[in-house]
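If you want this note's numbering, it's the position in the sequence shown, counting the first as 1, plus 193. All C-beta atoms in this analysis are idealised placements derived from N, C-alpha and C, irrespective of residue type, glycine included. Inspection log for the structure reproduced underneath, given as structure tokens.
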Amino acid sequence: MSQYAKPPIQPFEISLDIPTGALSPAGPTLIRKLSDLEGCFENKEAFQSEVAQTNPIVYQVISSLVPETARELPQSITTIYPGSCGDELYMTKGHQHPDPQGEIYYGLEGTGGIILFDGKEKKWLDISPGKIGYIPPGWAHRSINTGSTPYKFLAVYPGSAGHDYGWVLAKGMGFRAFDSNGKLVLKDFVI
Ligand code: PAN
Ligand code: ZN
């Protein structure tokens, strides 16, 4: 698997192939299967049963060569596949940046959204191709595929922000996103 480049990074061009989400040159690729999302879905029985049966890939993240180090600005392409577990739409694990800094997402393909939660307030942002979602410092974020095709977006974030996944497991995410006969239904997240 490719690794991040070591600073100092020279100026360089990156090609993005939107249909595959591939970057060239590319850094590390992360594949998240359903079993990697332990504790994320509300319906634990549906989760255990689907993990035991097919354990599908829920999303992948292809990073550029730019490393997650101070003063750099890493980018990645996330593809969330369409689907649900116990009617709860496929999602990313979700995280808080321990060093609170802003981040931008840019919709590339498919339809989805971002759940944002700062520990008190919760927000939903619709993301589709051409739309930018701004994640302010201090807001945990989780992405959802709301459609029937893969949902892809570009993320650009400060290299020193870090990723805290335990924050979301401990404090929740504000909303949960469900499919109801093809329609998105947001419900309050109960810890
Ligand atoms: C994104 C996310 C990516 C995967 O690049 O890391 O969409 O989501 P999880 O990290 O929650 O699994 C980002 O927000 N970076 O900061
Ligand atoms: Zn982030």
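The secondary-structure analysis by DSSP pairs R369 across a beta bridge with K380. Contact between P275 and P322 is ruled out by a C-beta separation of about 16 Å, above the 8 Å threshold. DSSP places Q253 in the uninterrupted beta strand (DSSP E) bounded by I250 to S256.
Assigned with DSSP and collapsed to three states, V244 falls in helix. Taking C-beta atoms under 8 Å as the contact rule, L301 and I384 fail to qualify, at a distance of about 33 Å. Secondary structure within the segment 293-360: the beta strand (DSSP E) runs of 3 or more consecutive residues, fully enclosed, are 296-302, 305-310, 315-320, 325-328, 333-338 and 344-349 (chain order). For ligand 2, no non-hydrogen atom lies closer than 8 Å to the CB of E302. Exclusion of Y283 from the 8 Å shell around ligand 2 follows from its C-beta lying no nearer than that to any non-hydrogen atom of the ligand.
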